[in-house]
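The structure appears below as structure tokens.
The structure is reproduced here in structure tokens:
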């Protein structure tokens with residue numbers, strides 16, 4: 034699967050976020066966990082990739098089934114809502 038630079042950067046950003054699950058990445062971009070790992074390995078420097086893998090392995094927040102909470106699956110409750118490309122006020 035060929036991804037443009039914007040999509041690739043967004044997937045990498047989401048993979049680095051602690052609260053963004055691999056299931057959310059699959060839902061939005063259709064990439065399984067193994068696909069994300071391969072993308073990270075290909076796009077990142079070796080040292081950065083190893084640091085990311087060390088952080089992600091065993092992290093309960095990266096897997097929906099291991100989480101103890103269900104709310105906030107895609108965004109933090111403090112994050113401003115985005116509606117039709119305009120940021121709404123609280």
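In our numbering, the protein residues as written are 34 to 123.
A virtual CB, placed ideally from N, CA and C, is assigned to each residue, including glycine.
### Query
Could you give the residue range of the alpha helix (DSSP H) that holds residue 43?
Residue mapping note: residue 43 aligns to position 10 of the chain shown, counting from 1. Per DSSP, residue 43 belongs to the alpha helix (DSSP H) from 38-49.
### Task
Could you tell me if residue 44 is buried or exposed, where buried requires 16 or more neighbouring beta carbons within 10 angstroms of its beta carbon?
The sequence position of residue 44 within the chain shown is 11, counting from 1. By the 10 Å Cβ count, residue 44 comes out buried.
### Query
Could you give the distance in angstroms between the alpha-carbon of residue 56 and the alpha-carbon of residue 72?
The sequence position of residue 56 within the chain shown is 23, counting from 1. The sequence position of residue 72 within the chain shown is 39, counting from 1. Using only the alpha carbons, I get a separation of about 16 Å.
### Task
Following the continuous alpha helix (DSSP H) through residue 72, name the residue where it begins and the one where it ends.
Counting from 1 along the chain shown, the entry for residue 72 is found at position 39. It spans 66-76 - the alpha helix (DSSP H) in which residue 72 sits, taken as one unbroken run.
### residue 59 CB to nearest heavy atom of the ligand ZN below 7 Å
With respect to the ligand ZN, the structure offers nothing, as it holds no ligand at all.
### When 70, 38 and 47 are compared against residue 87, the one with the closest alpha-carbon
As a first step, residue 87 must be located in the chain shown, where it is residue number 54. Of the listed residues, the one whose Cα sits closest to residue 87 is 70.
### Query
Using the rule of at least 16 other Cβ atoms within 10 Å of the residue's Cβ for burial, across every protein chain shown, is residue 58 buried or exposed?
Against the chain shown, residue 58 aligns to sequence position 25. Classification of residue 58: buried, given that the 10 Å Cβ count is 16 or more.
### Task
Classify residue 35 as helix, strand or coil using the three-state DSSP reduction.
Here residue 35 is taken as the residue at index 2 of the chain shown, counted from 1. Residue state, collapsed to three classes: coil.
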